[in-house]
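Chemist: Every number in the working numbering is 195 more than the matching position in the sequence shown, counting from 1.
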Amino acid sequence: MTQPALIRRVPGHRPRLLDLFCCAGGAGTGYARAGFAVDGCDIVDRPNYPFPRHHGDALAYLADLIATGGIRRYAFVHASPPCQHGCALTVGTNASQGWGGTHVDLVAPTRELLDATGLPYVIEQPNGRAKIRKDLTLRGEMFGLGVIRHRNFELGGWTIARPAHRPHRGRVRGYRHGRYYDGPYVAAYGNGGGKPTVPELQAAMGIDWTDVREELTEAIPPAYTEHIGRAYLAAHAPALEVAA
Numbered sequence: 196m197t198q199p200a201l202i203r204r205v206p207g208h209r210p211r212l213l214d215l216f217c218c219a220g221g222a223g224t225g226y227a228r229a230g231f232a233v234d235g236c237d238i239v240d241r242p243n244y245p246f247p248r249h250h251g252d253a254l255a256y257l258a259d260l261i262a263t264g265g266i267r268r269y270a271f272v273h274a275s276p277p278c279q280h281g282c283a284l285t286v287g288t289n290a291s292q293g294w295g296g297t298h299v300d301l302v303a304p305t306r307e308l309l310d311a312t313g314l315p316y317v318i319e320q321p322n323g324r325a326k327i328r329k330d331l332t333l334r335g336e337m338f339g340l341g342v343i344r345h346r347n348f349e350l351g352g353w354t355i356a357r358p359a360h361r362p363h364r365g366r367v368r369g370y371r372h373g374r375y376y377d378g379p380y381v382a383a384y385g386n387g388g389g390k391p392t393v394p395e396l397q398a399a400m401g402i403d404w405t406d407v408r409e410e411l412t413e414a415i416p417p418a419y420t421e422h423i424g425r426a427y428l429a430a431h432a433p434a435l436e437v438a439a
């Protein structure tokens, strides 16, 4: 892939970002805070998504944008393909229960289409078996959040400095093997077992525009993508102020 051109920004204009597999907008909100105008796409209707969105299959939509030239509206693409195939939180359970055969790994076809756009991009996945380069790994403690929530990012066509690792301050609150543990973090997945309330999840993740538990447990904390977006814009538009 060729190196992306510098983004030329003018007052009042934000470079446009395509947010694929957008869910309720955790990633998109971070990029918007960094200075992008954001459009989303998800196969599930997401009325809580806070930006313009297309309801449909993300890969089919991206392929159409490439074929029609509509992709030229965008300066950057973020993709969070479904992770149930390889997520560390589900792999062990799926194996023990004989599950997992119906999950499809969408990382490879997503990368193929993203490479075809010629644009800089990010592919995000949780810890697990997903076959992405871990060019960047972010954790909640890096941003003072109430979740640990490791997330890995493959960067296509650009690079970013890795932030320093910050050790965890304690345990994730909840039950483990019948014993309750307290701690400074909440578990942003599933139900039961001492899992947090919706308001606790919202506060821990830094998300206030949706109160749907499933959307909160699937979301990327906006602080992660705000960090990524600001780093990209600072490197590729160095003479211009990034919008707050």
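For every residue, glycine included, the Cβ atom is placed at its ideal position computed from N, Cα and C.
Kindly indicate which residue of 344, 262, 212, 256 has the alpha-carbon position closest to the one of residue 412.
Modeler: Looking at the Cα atoms, 344 is the closest of the given residues.
Chemist: Tell me the rounded alpha-carbon separation between residue 225 and residue 269.
Modeler: Rounded to the nearest angstrom, the two C-alpha atoms are 17 Å apart.
Chemist: Pick from 236, 216, 210, 244: whose alpha carbon is nearest that of residue 403?
Modeler: Residue 403 has its Cα closest to that of 244, out of 236, 216, 210, 244.
Chemist: In this structure, does DSSP put residue 381 in helix, strand or coil?
Modeler: Three-state DSSP puts residue 381 in coil, outside helix and strand.
Chemist: Could you name the residues of the same chain whose beta carbon sits closer than 6 Å to that of residue 252, not counting the 5 residues immediately before and after it, in chain order?
Modeler: If we look at residue 252 and ignore the five residues flanking it on each side, its Cβ neighbours are 238.
Chemist: Near residue 311, what residues of its chain come up, given a Cβ to Cβ distance below 7 Å and the 5 sequence neighbours on each side ignored?
Modeler: Once the five neighbours on either side are set aside, the close Cβ partners of residue 311 are 261.
Chemist: Among the residues of its own chain, which have a CB less than 8 Å from the CB of residue 386, if the five just before and after it don't count?
Modeler: Closer than 8 Å at Cβ, skipping near neighbours: 408.
Chemist: Could you give the residue range of the alpha helix (DSSP H) that holds residue 260?
Modeler: Note, residue 260: alpha helix (DSSP H), 253-263.
Chemist: Output the distance between the C-alpha atoms of residue 290 and residue 373, rounded to the nearest integer angstrom.
Modeler: For residue 290, the pLDDT reaches just 42, beneath the cut-off of 50, and the residue's location in the model is therefore unreliable, although a value from the coordinates is still provided. Roughly 22 Å between the two C-alpha positions.
Chemist: Taking just the CA atoms, how far does residue 274 sit from residue 302?
Modeler: For residue 302 and residue 274, the distance between alpha carbons rounds to 9 Å.
Chemist: Which of the three DSSP states is assigned to residue 338 in this structure?
Modeler: Residue 338: helix per DSSP, three-state reduction.
Chemist: Are at least three pairs of beta-carbons, each pair with one atom in the region 323-342 and one in the region 350-361, less than 8 Å apart?
Modeler: Enough Cβ pairs lie closer than 8 Å, so yes.
Chemist: Exposed or buried, which one is residue 376 when buried takes at least 16 other CB atoms within 10 Å?
Modeler: Exposed, since its Cβ has fewer than 16 Cβ neighbours within 10 Å.
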